[in-house]
Amino acid sequence: MHFMVLPLVASFLRLSFADLHDFCACQYGTNSRVDMAATALVAFNCGNPYTFAQAKDQFWIGRHSGPGPRFQGAFLKAETGRIDGDKFHNACLEDSGGASTCFNCGSIQENTDGSIICLR
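Using the working numbering, the first residue of the sequence shown is number 12, and each one after it goes up by one.
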C-alpha cells in the first residue's frame, strides 16, 4: 500500500513545481526555429505578463550546446519575476505558436551588430 502512495505523491509534487525561466519564445513546432509572429502576439496580448527582453534591433544567438538559447531570435521576459514554462507554452499555443523554447542566462554580452550572447 505504501509503495502505491509514493509514486502518486512524487508525480503530484512534479506538477506543482513548474520550471521557471529567464527568457522564452514561441516556436513553429518542437525543436524548430523561433516563431517571431507568435512570440510578438504573446508579448502584445494584454493578458500576458511578458515583454520583449531585448531592444527592437537586437537578437539572441542560438547555440546547440552551452548556455543560452538553442535557437536564434527575439525572446520575452516576465514583467516581474520569472516565466512559468508551462504557462508560457500554453500562451504560445493560444497565439498560433506550435511550441515554446526557454532558457536561463546569468550573464550576457551585447554586441555592436545587435547580437546577444549568453555567457553563463
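Cβ atoms here follow ideal geometry from the backbone N, Cα and C, with glycine treated the same way. All figures in this text were calculated on a predicted structure; none of them were measured in a lab.
Return no unless some Cβ of chain C is closer than 7 Å to the Cβ of residue i.
| i | result |
| --- | --- |
| A66 | Annotation note: the requested chain C is absent from the structure, which comprises a single protein chain. |
Do residue j and residue i come within 7 Å of each other at the CB atom, strictly closer than that value?
| i | j | result |
| --- | --- | --- |
| H32 | I94 | yes |
| G96 | C113 | yes |
| S111 | H100 | yes |
| N42 | A102 | no |
| F86 | W71 | yes |
| Q38 | D30 | no |
| Q69 | G109 | no |
| T7 | A66 | Examination of residue 7 is not possible in this model, given that the chain is present from 12 through 131 alone. |
Under a three-way DSSP split, which group does residue i fall into?
| i | result |
| --- | --- |
| A89 | strand |
| C103 | helix |
| A29 | coil |
| D95 | strand |
| A110 | strand |
| F55 | helix |
| A36 | strand |
| T41 | coil |
| T123 | coil |
| C116 | coil |
Grab me the residues of residue i's own chain with a C-beta within less than 6 Å of its C-beta, minus the 5 sequence neighbours each way, in chain order.
| i | result |
| --- | --- |
| L52 | D106 |
| K88 | F34, A64 |
| R44 | F82 |
Among residues of its own chain, excluding the 5 on either side of residue i, which ones have a beta-carbon nearer than 8 Å to its beta-carbon?
| i | result |
| --- | --- |
| H75 | R81 |
| A48 | S107 |
| T91 | P60 |
Ordered along the chain, which non-local residues of its own chain (more than five positions away) have a Cβ less than 7 Å from that of residue i?
| i | result |
| --- | --- |
| S118 | L130, R131 |
| G73 | P80, R81, F82, Q83 |
| T123 | none |
What are the residues that DSSP puts in a beta bridge with residue i?
| i | result |
| --- | --- |
| F63 | L87 |
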